[in-house]
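*Asks:* My questions will all concern the structure given below.
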Amino acid sequence: MLATQIHSYQFEFRAYQRPFRQPLKTSQGLWNVRTGILLRLTDETGQVGFGEIAPLAWFGSETFEQTLVFCRQLPSEITAEHISAIPSTLPACQFGLESAWLALNLNNVAAKIRNPKSEIPYSALLPTGPDAVEAWRSLWQQGFYTFKWKVGVAAVQEELEILQTLCQSLPPQARLRLDANAGLTLETAIAYLQACDQLGIEFLEQPLPVNQFQNMLALSQQYSTPLALDESVATLAQLKTCYAQGWRGIFVIKPAIAGFPSQLRQFCQTHQIDAVFSSVFETAIGRDIGLSLAAELTSSDRAAGFGVTHWFSDSWDQLSDFEQLWNSL
């Protein structure tokens, strides 16, 4: 994973809070503020590498409090061995520290806030409910052609009616994917899939809870609309388990909580899975390596799920480099 040659790095971290422009509503409830930690490693020559820990506890990662405890117990000078020793119970910490190390040692694009892989298409996250019917228009003008809409938030029949209206309003070139955040029952999942087959939905993401893998596997073989696993494959260990159990549909991968980027890369290259890389509402620092992985490992023309910056009202995404973002905290 990491180089065996011993170098020490000055380790610093700063916690952040980013309020959403409006609360993000999912089947799991309301999300008001994104909290996370920015990391900076500095080598003996003064070169700097940035990383980010952006946990998502309700999705399957460690909690923000656990990441703070972890960072506070690290010494002010660390080595690659400290990073390699991070346990699998802290996948967001694994991602953050190895990302900083990779940025510093492999000359990743860590100096620019804008990722050079600008050719990667993004899907834009729409608001839940009827607001989606109009919200796509301004995003379309900004260059988004794939959209994600979260379902399982309101009554099924109400959402299906909105879905019909939304699909009728979208241009023929647009793609629409649905995300249930594990919030459907088997009965309601079937109702959505029947509608999806009629409407040409790109895919339905995680319709059922994680403990209903076999039902999702069966559904994936009964309808023409592809199913995607998301919560079921939050970490690399879960991804490996679902693959071993026979899942050959879409894997939605959130690299910021999946674990070590190097191990994720190795698995994807070995197994050639249908992967869609997606955001956990991290800052541009975490997004940088996520997009680098997406550019390298996405085998289809599916848009990456990183079109989420419009959900924040701050100006962080307009800063010119990572140093400015670090200094803004």
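Sequence positions in the sequence shown follow the working numbering and run 53 to 381. Ideal Cβ positions, reconstructed from N, Cα and C, are used throughout, including at glycine.
Let me know the secondary structure DSSP gives Gly81 once reduced to three states.
*Replies:* In the sequence shown, the residue the question calls residue 81 occupies position 29. Assignment of Gly81 by DSSP, reduced to helix, strand and coil, places it in the strand class.
*Asks:* For the pair the stretch 151-158 and the stretch 91-102, tell me if three or more CB-CB distances fall below 8 Å.
*Replies:* yes
*Asks:* DSSP three-state label for Arg317, please.
*Replies:* Residue 317 sits at position 265 when you count from the first residue of the sequence shown. In this structure, Arg317 counts as helix in the three-state DSSP scheme.
*Asks:* Output needed for Thr240: all residues of its chain with C-beta closer than 6 Å, excluding positions within five of it in sequence on either side, in chain order.
*Replies:* Your numbering for residue 240 matches position 188 in the sequence shown. If we look at Thr240 and ignore the five residues flanking it on each side, its Cβ neighbours are Val208.
*Asks:* Is Pro223 helix, strand or coil by DSSP?
*Replies:* Counting from one through the sequence shown, the residue named residue 223 turns up at place 171. Pro223: coil per DSSP, three-state reduction.
*Asks:* With C-beta atoms as the reference, is Leu343 less than 9 Å away from Ala310?
*Replies:* Within the sequence shown, the letter at position 291 stands for residue 343. Within the sequence shown, the letter at position 258 stands for residue 310. Contact flag unset, no.
*Asks:* Take Ile305 as the anchor and find which of Phe319, Gly298, Ala296 has the nearest alpha-carbon.
*Replies:* Numbered from its first residue, the sequence shown carries residue 305 at position 253. It is Phe319.
*Asks:* Where do the ends of the beta strand (DSSP E) carrying Val328 lie?
*Replies:* The count along the sequence shown starts at 1 and reaches residue 328 at position 276. For Val328, the enclosing beta strand (DSSP E) stretches over residues 326-329.
*Asks:* By alpha-carbon positions, which one of Phe364, Thr87, Gln258 ends up nearest to Ala109?
*Replies:* Locating residue 109 in the sequence shown gives position 57, counting from the first residue. Of the listed residues, the one whose Cα sits closest to Ala109 is Thr87.
*Asks:* I'd like the ranges of any alpha helix (DSSP H) spanning at least 4 consecutive residues and lying wholly in the stretch 163-213.
*Replies:* 184-193
*Asks:* Kindly indicate the opening and closing residues of the beta strand (DSSP E) around Glu104.
*Replies:* The residue given as residue 104 occupies position 52 in the sequence shown. Run containing Glu104: 100-105, per the beta strand (DSSP E) assignment.
*Asks:* On the three-state DSSP scale, how would you describe Gln370?
*Replies:* Taking the first residue of the sequence shown as 1, we reach residue 370 at position 318. Gln370 falls in the helix class under three-state DSSP.
*Asks:* Pick out whichever of Cys219, Ile302, Pro75 has its Cα sitting closest to the Cα of Ser365.
*Replies:* Taking the first residue of the sequence shown as position 1, residue 365 is located at position 313. With distances taken between Cα atoms, Ser365 lies closest to Pro75.
*Asks:* Using the three-state DSSP reduction, which class does Asp282 fall into: helix, strand or coil?
*Replies:* Position 230 of the sequence shown, counting from 1, holds the residue named residue 282. Correct three-state label for Asp282: coil.
*Asks:* Assuming contact is defined by CB atoms lying nearer than 9 Å, are Thr180 and Ala144 in contact in what I supplied?
*Replies:* Stepping through the sequence shown from its first residue, residue 180 is reached at position 128. Stepping through the sequence shown from its first residue, residue 144 is reached at position 92. Cβ atoms of Thr180 and Ala144: not closer than 9 Å.
*Asks:* What is the rounded straight-line gap between the Cα of Gly252 and the Cα of Leu215?
*Replies:* Translated into positions along the sequence shown, residue 252 becomes position 200. Translated into positions along the sequence shown, residue 215 becomes position 163. Rounded to the nearest angstrom, the two C-alpha atoms are 11 Å apart.
*Asks:* Should the stretch 283-302 be regarded as contacting the stretch 117-134, the criterion being three or more beta carbon pairs within less than 8 Å?
*Replies:* Touching, no, given that fewer than three Cβ pairs across the two stretches are closer than 8 Å.
*Asks:* What would DSSP say about Tyr275, mapped onto helix, strand or coil?
*Replies:* Here residue 275 refers to the residue found at position 223 when the sequence shown is read from its first residue. The answer is coil: DSSP assigns Tyr275 none of H, G, I, E or B.
*Asks:* Please classify Leu271 as buried or exposed, where buried requires at least 16 other C-beta atoms within 10 Å of its C-beta.
*Replies:* For the purposes of this step, residue 271 is identified with residue 219 of the sequence shown, where counting begins at 1. With 16 or more Cβ atoms within 10 Å of its Cβ, Leu271 is classed as buried.
*Asks:* Helix, strand or coil for Ser113 per DSSP?
*Replies:* Taking the sequence shown and counting its residues from 1, the one referred to as residue 113 is at position 61. Of the three classes helix, strand and coil, the one that applies to Ser113 here is coil, per DSSP.
*Asks:* For Ala184, tell me which candidate among Val332, Ala155, Gln220, Leu158 has the shortest Cα-Cα distance.
*Replies:* Translated into positions along the sequence shown, residue 184 becomes position 132. Out of Val332, Ala155, Gln220, Leu158, Gln220 has the C-alpha closest to the C-alpha of Ala184.
*Asks:* Beta-carbon separation of Val284 and Gln324 under 9 Å?
*Replies:* In the sequence shown, residue 284 corresponds to position 232, counting from 1. In the sequence shown, residue 324 corresponds to position 272, counting from 1. The amino acid occupying residue 284 in the given sequence is Ser; Val does not appear at that position. Going by C-beta atoms, Ser284 is not nearer than 9 Å to Gln324.
*Asks:* Please report how far the alpha carbon of Asp353 lies from the alpha carbon of Glu171, in whole angstroms.
*Replies:* The residue you call residue 353 lines up with position 301 of the sequence shown. The residue you call residue 171 lines up with position 119 of the sequence shown. Near 11 Å, if we compare the C-alpha coordinates of Glu171 and Asp353.
*Asks:* Would Arg227 and Ala280 be called neighbours here (beta carbons separated by less than 9 Å)?
*Replies:* For the purposes of this step, residue 227 is taken as the residue at position 175 of the sequence shown. For the purposes of this step, residue 280 is taken as the residue at position 228 of the sequence shown. The answer is no: Cβ separation not under 9 Å.
*Asks:* If you draw a straight line from the C-alpha of Leu345 to the C-alpha of Tyr275, how long is it?
*Replies:* Within the sequence shown, the letter at position 293 stands for residue 345. Within the sequence shown, the letter at position 223 stands for residue 275. In this structure, the alpha-carbon of Leu345 lies about 30 Å from that of Tyr275.
*Asks:* Three-state secondary structure (DSSP) at Phe72?
*Replies:* Reading the sequence shown from its first residue, position 20 is the one you call residue 72. Strand.
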